[in-house]
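Numbers given in my numbering equal positions in the sequence shown, counted from 1, plus 14.
Just so it is clear, CB atoms sit at the ideal spot from N, CA and C, and this is done for glycine as well.
Since the structure is predicted, the reported quantities are computational estimates derived from the model, not experimental observations.
I have placed the structure first, in the form of structure tokens, so that the comments after it can refer back to it.
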Amino acid sequence: MNNIYSESEIWFVTGAQLLYGGDAVAQVDGHSKEMVAGLNESGRLPIKVVYKGTANSSKEVAEIFAQANNEKKCVGVMTWMHTFSPAKMWIHGLQILHKPLLHLHTQYNAEIPWNDIDMDFMNLNQSAHGDREFGHIISRMRLNRKLVVGYWKDASTQEHIAVWERVCAAWADSQDMLILRFGDQMNNVAVTDGDKVAAEQVLGYHVDYCAFSEVLEYFHKVTDAEVDALVATYFKEYDHDAELEDKTTEAYKKVWNAAKAELALRAILKAKGAKGFTTNFDDLGDVNVEETGNGFDQIPGLASQRLMAEGYGFGAEGDWKSAALYRSVYVMSQGKNCSFLEDYTLNLNGAQSSILQSHMLEVCPLIATGKPRLEVHHLGIGYRKTLTARLVFTSKVGKGVTATVVDMGNRFRMIVNDVECIEPKPLPKLPVASALWIPQPNFEVGAGCWIYAGGTHHSCFSYDLTDEYWQDYAEIAGIECILINKDTTVDNFRKELRFNEVYYMLNKALR
15 MNNIYSESEI WFVTGAQLLY GGDAVAQVDG HSKEMVAGLN ESGRLPIKVV
65 YKGTANSSKE VAEIFAQANN EKKCVGVMTW MHTFSPAKMW IHGLQILHKP
115 LLHLHTQYNA EIPWNDIDMD FMNLNQSAHG DREFGHIISR MRLNRKLVVG
165 YWKDASTQEH IAVWERVCAA WADSQDMLIL RFGDQMNNVA VTDGDKVAAE
215 QVLGYHVDYC AFSEVLEYFH KVTDAEVDAL VATYFKEYDH DAELEDKTTE
265 AYKKVWNAAK AELALRAILK AKGAKGFTTN FDDLGDVNVE ETGNGFDQIP
315 GLASQRLMAE GYGFGAEGDW KSAALYRSVY VMSQGKNCSF LEDYTLNLNG
365 AQSSILQSHM LEVCPLIATG KPRLEVHHLG IGYRKTLTAR LVFTSKVGKG
415 VTATVVDMGN RFRMIVNDVE CIEPKPLPKL PVASALWIPQ PNFEVGAGCW
465 IYAGGTHHSC FSYDLTDEYW QDYAEIAGIE CILINKDTTV DNFRKELRFN
515 EVYYMLNKAL R
């Protein structure tokens with residue numbers, strides 16, 4: 015994941031024109047270089063900004079944007095109009111640009127030099143109306159972009175740019191993202207399925223079915239020595255009862271089996287260059303695995319937990335959209351404080367009414383408060399009801415945001431909900447990883463609006479992301495984005511859904 019940021023670039027292009035002469039263009043160039051250096055030295059931007067020069071004509075704009083399209087390192091383009099830059103000269107370049115676009119409305123100097131300002135200064139420093147001209151042509155062309163308004167040295171301005179940069183990294187990562195589905199969709203579930211062709215067209219990632227027989231080819235190549243080494247890592251990294259290390263016990267055997275499953279999954283994901291996967295507890299190899307050894311003895315929950323912590327996208331029960339989205343959450347979060355989660359059961363307690371988030375096994379330890387415990391317990395679901403290993407923990411207390419993408423038939427809809435994770439009570443008979451949260455603005459409105467929007471029971475959660483990340487992501491993707499937060503009311507939310515339905519129907523008809 016760190017390579018995504020260190021090997022990426024944001025290209026900075028300044029708008030000007032030759033009307034004011036070569037000396038003015040030289041000053042524009044000097045100011046731009048100083049600004050780019052200042053942004054990079056601020057310590058707030060995760061991706062390096064690279065100055066690509068001042069564009070003074072339609073040809074220059076088109077050439078720079080064509081280069082941006084073809085340069086893999088370039089994950090986004092930032093533009094700023096230092097002087098008045100006639101917007102017609104940006105049309106051809108904007109028509110061909112396929113990388114995310116940020117329009118920075120700022121100015122080289124913070125304040126007007128009241129005692130010294132003259133016409134030369136006015137002619138040179140025209141961001142106040144140059145950026146409006148540029149903004150007009152983007153709006154007229156109906157192009158998606160992020161607009162950041164503020165002085166370029168201010169921390170708040172730089173933080174907005176940093177958010178967009180992280181989203182650009184995730185977007186670039188998704189354009190060559192492969193999700194492997196080990197097994198198909200489960201139990202006729204609608205919300206976790208959808209149109210994979212449309213998803214690749216709109217969101218970039220590719221979803222492939224992978225027969226479990228192919229997984230078994232890697233499973234049988236795993237050596238006992240490799241499994242022993244990974245089991246030793248488990249015992250070193252996680253709290254656990256001493257009896258788990260007793261090699262004569264059934265519990266130790268289940269930990270050992272979980273380690274072999276993890277090694278097999280990691281091997282096939284690496285071999286195929288996949289960035290995410292889904293599982294299905296109805297497709298794990300030979301039904302008589304206890305006798306044949308030809309398959310997983312249970313769904314690979316511990317493996318899924320650990321692979322998520324390494325950055326692999328994951329979706330349970332064939333949920334390929336969640337697998338892809340979690341990978342993007344991980345990239346935007348820079349590998350911290352995120353997980354795939356499922357709405358499990360409700361705690362109806364007045365103003366503190368909340369939702370227990372968990373899954374059978376697969377919750378990422380990146381959200382754990384304290385060190386997770388490695389435990390072995392019975393799992394009574396699917397056709398293999400047996401003991402299996404998992405990491406048990408509760409999530410940290412704090413505010414976060416959860417998101418999902420659903421296929422509405424004529425478009426993809428992103429649904430985003432601010433949530434507050436609260437302290438849960440002990441779960442002595444439910445040994446799973448879990449979080450307990452109150453959807454904002456409260457349970458009734460938050461849960462109700464999620465359901466009105468057609469939201470999934472799976473979502474991808476982060477303590478570090480905010481609504482802004484998801485708005486930027488949806489803007490780049492060109493998909494609908496619905497926010498549920500402290501300001502949401504049911505009436506206004508339902509109106510927004512209806513208005514959006516009309517907008518997207520008309521938009522499709524006009525195309």
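With residue i as the anchor, note down where its beta strand (DSSP E) starts and where it stops.
{"i": "TYR219", "result": "TYR219 -> no beta strand (DSSP E), and no H or E assigned at all."}
{"i": "GLU437", "result": "Here GLU437 belongs to no beta strand (DSSP E), and DSSP marks it neither H nor E."}
{"i": "GLY4", "result": "Residue numbering for the chain in the displayed model covers 15 to 525; residue 4 lies beyond these limits and cannot be assessed."}
{"i": "VAL406", "result": "400 to 406"}
{"i": "LEU116", "result": "115 to 119"}
{"i": "VAL177", "result": "First-last for VAL177: 169 to 188, but that is the alpha helix (DSSP H), not the beta strand (DSSP E)."}
{"i": "ILE193", "result": "192 to 196"}
{"i": "PHE291", "result": "290 to 292"}
{"i": "PHE560", "result": "The structure shown has nothing for residue 560, since the chain only spans 15 to 525."}
Could you check what DSSP says for residue i in three-state terms: helix, strand or coil?
{"i": "PRO442", "result": "coil"}
{"i": "GLU489", "result": "helix"}
{"i": "GLU85", "result": "coil"}
{"i": "LYS235", "result": "coil"}
{"i": "GLN371", "result": "strand"}
{"i": "ASP333", "result": "coil"}
{"i": "GLY164", "result": "coil"}
{"i": "GLY349", "result": "coil"}
{"i": "GLU389", "result": "strand"}
{"i": "GLU125", "result": "coil"}
{"i": "CYS463", "result": "helix"}
{"i": "THR470", "result": "coil"}
{"i": "VAL91", "result": "strand"}
{"i": "TYR517", "result": "helix"}
{"i": "ARG425", "result": "coil"}
Tell me which residue opens and which closes the alpha helix (DSSP H) that residue i is part of.
{"i": "ASP421", "result": "No alpha helix (DSSP H) contains ASP421, which is instead part of the beta strand (DSSP E) from 412 to 421."}
{"i": "ILE496", "result": "No alpha helix (DSSP H) contains ILE496, which is instead part of the beta strand (DSSP E) from 494 to 498."}
{"i": "LEU316", "result": "315 to 323"}
{"i": "TRP451", "result": "Unbroken run through TRP451 is the beta strand (DSSP E), 449 to 453; no alpha helix (DSSP H)."}
{"i": "LEU108", "result": "105 to 110"}
{"i": "ARG154", "result": "141 to 154"}
{"i": "VAL269", "result": "264 to 286"}
Do you know offhand how far residue i's Cα is from residue j's?
{"i": "HIS254", "j": "VAL411", "result": "23 Å"}
{"i": "ALA51", "j": "LEU497", "result": "35 Å"}
{"i": "HIS106", "j": "MET136", "result": "28 Å"}
{"i": "TRP178", "j": "MET92", "result": "10 Å"}
{"i": "ARG159", "j": "ALA417", "result": "21 Å"}
{"i": "LEU444", "j": "ARG404", "result": "12 Å"}
{"i": "TRP104", "j": "PHE148", "result": "8 Å"}
{"i": "GLY8", "j": "CYS378", "result": "Nothing in the structure corresponds to residue 8, since the chain is present only between 15 and 525."}
{"i": "PHE457", "j": "ALA323", "result": "29 Å"}
{"i": "SER368", "j": "PHE475", "result": "16 Å"}
{"i": "ASN521", "j": "CYS182", "result": "26 Å"}
{"i": "ARG146", "j": "ALA101", "result": "9 Å"}
{"i": "TRP128", "j": "LEU138", "result": "15 Å"}
{"i": "ALA523", "j": "TYR487", "result": "25 Å"}
{"i": "ALA169", "j": "ASP421", "result": "37 Å"}
{"i": "ALA176", "j": "GLU214", "result": "26 Å"}
{"i": "LEU283", "j": "ASN123", "result": "51 Å"}
Can residue i and residue j be called in contact, C-beta distance under 7 Å?
{"i": "GLY90", "j": "LYS73", "result": "no"}
{"i": "GLY414", "j": "TYR477", "result": "yes"}
{"i": "THR402", "j": "LYS267", "result": "no"}
{"i": "ALA76", "j": "VAL27", "result": "no"}
{"i": "PHE328", "j": "SER342", "result": "no"}
{"i": "ALA447", "j": "PHE407", "result": "yes"}
{"i": "VAL459", "j": "THR502", "result": "yes"}
{"i": "ARG156", "j": "PRO60", "result": "no"}
{"i": "GLY144", "j": "MET95", "result": "yes"}
{"i": "SER473", "j": "CYS435", "result": "no"}
{"i": "SER188", "j": "GLY208", "result": "no"}
{"i": "ASN54", "j": "LYS62", "result": "yes"}
{"i": "TYR344", "j": "GLY325", "result": "yes"}
{"i": "TRP270", "j": "VAL245", "result": "yes"}
{"i": "GLN312", "j": "LEU258", "result": "no"}
Give the C-beta separation of residue i and residue j to the nearest angstrom, bearing in mind that I take them to be a contact with Cβ-Cβ under 8 Å.
{"i": "ARG154", "j": "GLY332", "result": "Wrong, their Cβ atoms sit about 43 Å apart, outside the cutoff."}
{"i": "ALA338", "j": "MET191", "result": "6 Å"}
{"i": "ARG398", "j": "ILE493", "result": "Contact flag wrong, Cβ pair sits at about 38 Å."}
{"i": "ARG280", "j": "LEU321", "result": "7 Å"}
{"i": "SER347", "j": "ILE381", "result": "Contact flag wrong, Cβ pair sits at about 10 Å."}
{"i": "LEU32", "j": "VAL39", "result": "7 Å"}
{"i": "VAL236", "j": "ALA288", "result": "In fact, because the Cβ distance is near 18 Å, the residues do not count as touching under 8 Å."}
{"i": "PHE310", "j": "ALA275", "result": "5 Å"}
{"i": "THR120", "j": "TRP166", "result": "4 Å"}
{"i": "HIS391", "j": "ALA330", "result": "Not quite, the Cβ-Cβ distance comes to about 18 Å (not below 8 Å), so this is no contact."}
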